[in-house]
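Undergrad:
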Amino acid sequence: MRVDQPRRRRPALRDCLEPFASVYDAWKVESLRTEWWQSCLLPVNWKVATAAFMEGYHVPQTHPQLLPTSSNGSSSGRDLIQKSLYFMRTLGEGMGGMTHENDIRIAEGLQNIELPADPSAAMATWRSTLNEAVVAWHRARGCEMPDLNELDRRGITDAIGFCFPHYFLLPTYSSASSYRIRPLGPEQTLFEIWSLTRIPPDRVTGKPSPPQPMAPDDPRWPPIPAQDFSNLPRQQKGLHSRGFEYMRLSNQIEGLISNFERVIDGFLASLPYDTLVPAIQKTNTTIDVPIADLALR
């Protein structure tokens with residue numbers, strides 16, 4: 001796919017990154033640093049790999065360990081805290097980061113706080129208290145850290161952000177995971193994962209080097225990427241089955257997938273940038289969004 005259009009005035013890069021860029025400026029992504037960087041050679045088309053992360057309903061089936069066990073209907077403050085800690089620990093272990101061990105320790109230190117009896121009020125109190133504690137801890141180390149409660153008040157709360165055509169950022173408290181998904185041909189994709197966190201400015205870290213790609217079934221992958229990678233080659237194989245003639249986008253659900261595919265079609269049709277850039281900006285969102293009117297005529 002060519003995204004350059006010679007002999008035409010190209011738009012400013014920042015315009016093509018909005019509103020993703022402004023959202024993550026507020027989250028101070030420039031102060032994140034790499035803890036680890038790995039890549040995978042996936043035997044799938046890059047759009048298959050990308051679309052797999054544009055909806056959240058695969059999580060209960062693909063990553064069942066993220067769902068807490070039944071609590072017999074209990075909604076006490078103590079139960080709420082334990083569910084939150086379970087999710088943080090399981091996500092952190094499953095991603096090899098994302099929910100960083102520093103933030104988990106901070107949360108564990110708060111697990112005996114008093115919460116309101118009302119479940120909604122208890123959740124709000126727990127979240128704001130944990131946010132405040134995480135921010136204070138990292139700022140005390142000299143890290144540049146956004147005010148998480150202020151981000152909540154501004155509505156900057158999405159657990160995942162997409163930037164067209166192939167980048168995802170998944171922020172969680174102080175840290176994040178990020179994905180970059182690039183084609184190496186119609187049947188192969190380079191899937192890169194970064195684990196990012198806040199590191200004190202006086203701590204010297206080396207410049208990360210591009211990793212040697214690993215196979216999707218390499219045992220070194222953390223559990224959650226390993227689960228995702230195990231499913232994708234089966235999808236690609238299904239696209240080549242004799243009974244599969246074509247794929248039609250839904251006009252009711254999977255809005256980000258529809259928006260993403262239609263913007264790509266706009267580039268392939270050599271539509272003008274004045275048309276494409278507003279469509280890109282409507283696609284630079286979170287997942288599970290409505291189908292947008294992209295005005296790609």
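In the UniProt record's numbering, the protein residues as written are 1 to 297.
Idealized CB from N, CA, C, for every residue including glycine.
Mapping the DSSP letters down to three states, classify residue 304 as helix, strand or coil.
TA: No information on residue 304 is available, as it lies outside the stretch 1 to 297 that the chain covers here.
Undergrad: Does Met247 pass the burial test, meaning 16 or more other C-beta atoms within 10 Å, or should it be called exposed?
TA: Exposed.
Undergrad: Can you say whether Asp202 is buried or exposed, counting buried as having 16 or more other CB atoms within 10 angstroms of its CB?
TA: With fewer than 16 other Cβ atoms within 10 Å, it is exposed.
Undergrad: Apart from the five residues just before and just after Phe229, which ones in its own chain have a Cβ nearer than 8 Å to its Cβ?
TA: Once the five neighbours on either side are set aside, the close Cβ partners of Phe229 are Cys40, Leu42, Phe191, Pro216, Asp217, Trp221.
Undergrad: Counting only the same chain and skipping the five closest in sequence on each side, list residues whose C-beta sits under 8 Å from that of Ala136.
TA: Here the set comprises nothing.
Undergrad: DSSP beta-bridge partners for Gln188?
TA: For Gln188, which the question treats as bridged, DSSP gives the partners Gly185.
Undergrad: Give me, in chain order, the residues of the same chain whose beta-carbon lies closer than 8 Å to that of Asp152; leave out the 5 immediate sequence neighbours on both sides.
TA: Result list for Asp152: Arg127, Ser128, Asn131, in chain order.
Undergrad: With Ser175 and Met98 assumed to form a contact (beta carbons below 8 Å), what rounded beta-carbon distance in angstroms separates them?
TA: That belief holds up - the Cβ atoms of Ser175 and Met98 are roughly 6 Å apart, short of 8 Å.
Undergrad: Among Pro223, Ala292, Asp288, which one has its Cα closest to the Cα of Pro64?
TA: Closest by alpha carbon: Pro223.
Undergrad: DSSP puts Ala176 in a beta bridge; with which residues?
TA: According to DSSP, which records beta bridges pairwise, Ala176 is partnered with Pro171, Leu196.
Undergrad: How about Pro119 and Leu80: do their beta carbons lie closer than 8 Å?
TA: Yes, the pair counts as a contact, with Cβ atoms nearer than the cut-off.
Undergrad: Taking one C-beta from the region 77-96 and one from the region 144-164 each time, how about it: are there three or more such pairs within less than 8 Å?
TA: Not touching, per the Cβ criterion.
Undergrad: Please report how far the alpha carbon of Ala279 lies from the alpha carbon of Leu296, in whole angstroms.
TA: Between Ala279 and Leu296, the C-alpha separation is close to 8 Å.
Undergrad: Measuring alpha carbon to alpha carbon, tell me which residue in Gln38, Leu196, Gly206, Asn231 is nearest Val59.
TA: Looking at the Cα atoms, Asn231 is the closest of the given residues.
Undergrad: Among the candidates Ser270, Leu271, Ser250, Gly206, whose CA atom is the shortest distance from the CA of Ala292?
TA: Closest by alpha carbon: Ser250.
Undergrad: Which residue from Asp15, Gly96, Phe87, Cys163 puts its Cα closest to that of Ala107?
TA: The shortest C-alpha separation from Ala107 is found at Phe87.
Undergrad: Tell me the rounded alpha-carbon separation between Ala117 and Gln111.
TA: Cα to Cα, Ala117 sits roughly 15 Å from Gln111.
Undergrad: Should Gly255 be labelled buried (16 or more other beta-carbon atoms within 10 Å of its own) or exposed?
TA: Burial call: buried.
Undergrad: Taking its Cβ as the centre, do 16 or more other Cβ atoms sit within 10 Å of Tyr57, making it buried, or is it exposed?
TA: Classification of Tyr57: exposed, given that the 10 Å Cβ count is below 16.
Undergrad: Locate the beta strand (DSSP E) running through Gly161, then write down its first and last residues.
TA: Note, Gly161: beta strand (DSSP E), 161-163.
Undergrad: Let's test the definition: count the other Cβ atoms within 10 Å of the Cβ of Ala121 and tell me whether it reaches 16, buried, or not, exposed.
TA: Burial call: exposed.
Undergrad: Could you pull the DSSP bridge partners for Ser39 from this structure?
TA: Ser39 is bridged to Glu192.
Undergrad: Which word fits Ala49, buried or exposed, when buried means at least 16 other C-beta atoms lie within 10 angstroms of its C-beta?
TA: Label assigned to Ala49: buried.
Undergrad: Going by DSSP, name the residue or residues bridged to Leu32.
TA: According to DSSP, Leu32 bridges with Arg198.
Undergrad: Which one of Ala12, Phe20, Arg10, Arg14 has the shortest CA to CA distance from Pro171?
TA: Of Ala12, Phe20, Arg10, Arg14, the residue nearest in Cα terms is Phe20.
Undergrad: Please classify Leu276: is it buried, with 16 or more other beta-carbons within 10 angstroms of its beta-carbon, or exposed?
TA: Flag for Leu276 reads buried.
Undergrad: Do you know offhand how far Glu114's Cα is from Ser76's?
TA: For Glu114 and Ser76, the distance between alpha carbons rounds to 11 Å.
Undergrad: Hey, Thr197 and Leu85 are a contact pair by Cβ (cut 8 Å); roughly how many whole angstroms apart?
TA: Contact flag wrong, Cβ pair sits at about 19 Å.
Undergrad: Hey, how far is the Cα of Ile181 from the Cα of Asn284?
TA: Distance between the alpha carbons of Ile181 and Asn284 is about 15 Å.
Undergrad: So, for Phe244: in the same chain, excluding its five sequence neighbours on each side, which residues have a beta-carbon less than 7 Å away from its beta-carbon?
TA: Here the set comprises Gly238.
Undergrad: Out of Gly96, Pro200, Ile287, Ile160, point me to the one whose CA is closest to Ile257's CA.
TA: Looking at the Cα atoms, Ile287 is the closest of the given residues.
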